[in-house]
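*Asks:* Numbering (the UniProt record's numbering), first residue to last: 1 to 150.
We put the beta carbon where it would ideally sit given N, CA and C, even for glycine.
As the structure is a computational prediction, the values presented were derived from the model and not from experiment.
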């Protein structure tokens, strides 16, 4: 079972940040990219926009399993906080896409003019390090241990 306090702390971190790094792989090829994101706390998903013509977009379309990090750059080791994640990236459509695009454009108004597809990154596993809670403190969350609906 996941610790609800850990999840609350993880969600606070996700909401406070806005850039993720992801690594996509398919057919023996790998690529990483940074993307702006917004958090959907209810579904533990991150929404981001990227074109299919990008290398990471092409790879995610072939194989949606991705890994990545979210990490700000603190001035001291004692303040290090960051997330490593594993998830599934899929292009949204219909009402899901409309909802995600509205949420994304609310946070990033410049995106209103963009026609890029909106993707959902369904987080399946999260390991957060937060040295502010104690040096090397780890918070863990896993979708398979969650009571949240799929």
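What residue range does the alpha helix (DSSP H) around residue 60 cover?
*Replies:* First-last of the alpha helix (DSSP H) with residue 60: 55 to 62.
*Asks:* Which residue or residues does DSSP assign as beta-bridge partners of residue 81?
*Replies:* DSSP, once it has assigned bridges, lists 130 as partnering residue 81.
*Asks:* Just the Cα atoms here: how many angstroms apart are residue 81 and residue 13?
*Replies:* So the alpha carbons of these two residues sit roughly 8 Å apart.
*Asks:* Can you grab the Cα-Cα spacing for the pair residue 49 / residue 61, in whole Å?
*Replies:* C-alpha separation (whole angstroms): 13 Å.
*Asks:* Applying the criterion that 16 or more other CB atoms from any shown protein chain within 10 Å of the CB defines a buried residue, is residue 139 buried or exposed?
*Replies:* Result: buried.
*Asks:* Measuring only the C-alpha atoms, how far is residue 34 from residue 27?
*Replies:* Cα to Cα, residue 34 sits roughly 21 Å from residue 27.
*Asks:* State the DSSP-derived secondary structure class of residue 146, mapped to helix, strand or coil.
*Replies:* Reduced to three states, the DSSP call for residue 146 is coil.
*Asks:* Based on the DSSP output, what are the partners of residue 21 in its beta bridges?
*Replies:* BP columns for residue 21 point to 34, 69.
*Asks:* For the beta strand (DSSP E) that residue 48 lies in, which residues bound it at each end?
*Replies:* Per DSSP, residue 48 belongs to the beta strand (DSSP E) from 45 to 49.
*Asks:* What is the residue span of the alpha helix (DSSP H) that residue 10 lies within?
*Replies:* Element bounds for residue 10: 4 to 16.
*Asks:* Which residue marks the beginning of the alpha helix (DSSP H) containing residue 94, and which one marks its end?
*Replies:* Taken as a continuous stretch (DSSP letters only), the alpha helix (DSSP H) holding residue 94 covers 94 to 107.
*Asks:* Check this for me: beta carbons of residue 154 and residue 67, under 8 Å apart or not?
*Replies:* As shown, the chain starts at 1 and ends at 150. That puts residue 154 outside it, with no answer to give.
*Asks:* Could you check the C-alpha separation between residue 141 and residue 36 for me, to the nearest Å?
*Replies:* Answer to the nearest angstrom: the Cα atoms are 22 Å apart.
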